[in-house]
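Protein chains in written order, with the numbering used here: chain A, 12 to 124; chain B, 26 to 138.
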């Protein structure tokens, strides 16, 4: 079975550019989570969706960040404009309703110069 | 927000030794999960605990859900070099919305052959 798929695996961009990260959850999972991981702050939940609807976006740092889930098999996290402090590893995870067990993708390492 | 205190922050051990790490919280958690993260990868779920006092094993790994519901520990017996990685505890705080996990800061494990 395919796990959570994320693309790209690495992204290097310049400050001010738009960045779009992509995620395909495990088929049949109805919850999708976006996390950010840094040395200083560890793993932080940014936003999560249930049945494609955003449930809690209180972790989104600021208006430069936005996330969408147009259908059950695809989600994007967009940063516009990007800043050097956005450099981090961004993870997508999915889970099934009734289970607290979240399954993580391999992550996207973002570097903003 | 909710915080988990995970200790120790890092461990350097010899192959064959047993390892113990734990997480504590000032508030009650409904669920405890233990994840392992290897370099360049996303966290992988090792063990999930759902009931106070529950003791669960997965091969050489054993985890327990504290009876007070405010702590959990993970033991690794007879460590091997491939146990190297960062181990995270995660929990679902009582009273929070479904699916929203809080993560500990991680324990970095190094195993010397």
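For each residue, glycine too, the CB sits at the ideal point set by N, CA and C.
- Contact between residue 116 (chain B) and residue 50 (chain B) is confirmed by a C-beta separation of about 7 angstroms, below the 8 angstroms threshold.
- Proximity of residue 73 (chain B) to chain A, defined by a Cβ-Cβ separation below 7 angstroms, is satisfied.
- Per DSSP, the unbroken beta strand (DSSP E) holding residue 45 (chain B) starts and ends at 44 to 50.
- In this structure, residue 59 (chain A) lies away from residue 56 (chain B), with their beta-carbon atoms at least 7 angstroms apart.
- Non-local C-beta neighbours of residue 30 (chain A) in its own chain, meaning closer than 8 angstroms and more than five positions away in sequence, comprise 22, 24, 89, 90, 91, 93, 97, 121 and 123, ordered along the chain.
- Residue contact check for residue 87 (chain B) against chain A: no CB pair falls below 7 angstroms.
- Under the three-state reduction of DSSP, residue 107 (chain B) is assigned to helix.
- Boundaries of the beta strand (DSSP E) harbouring residue 55 (chain A): 53 to 61, taken from the DSSP string.
- In its chain, beyond the 5 residues on either side, 33, 34 and 35 have a beta carbon closer than 8 angstroms to the beta carbon of residue 85 (chain A).
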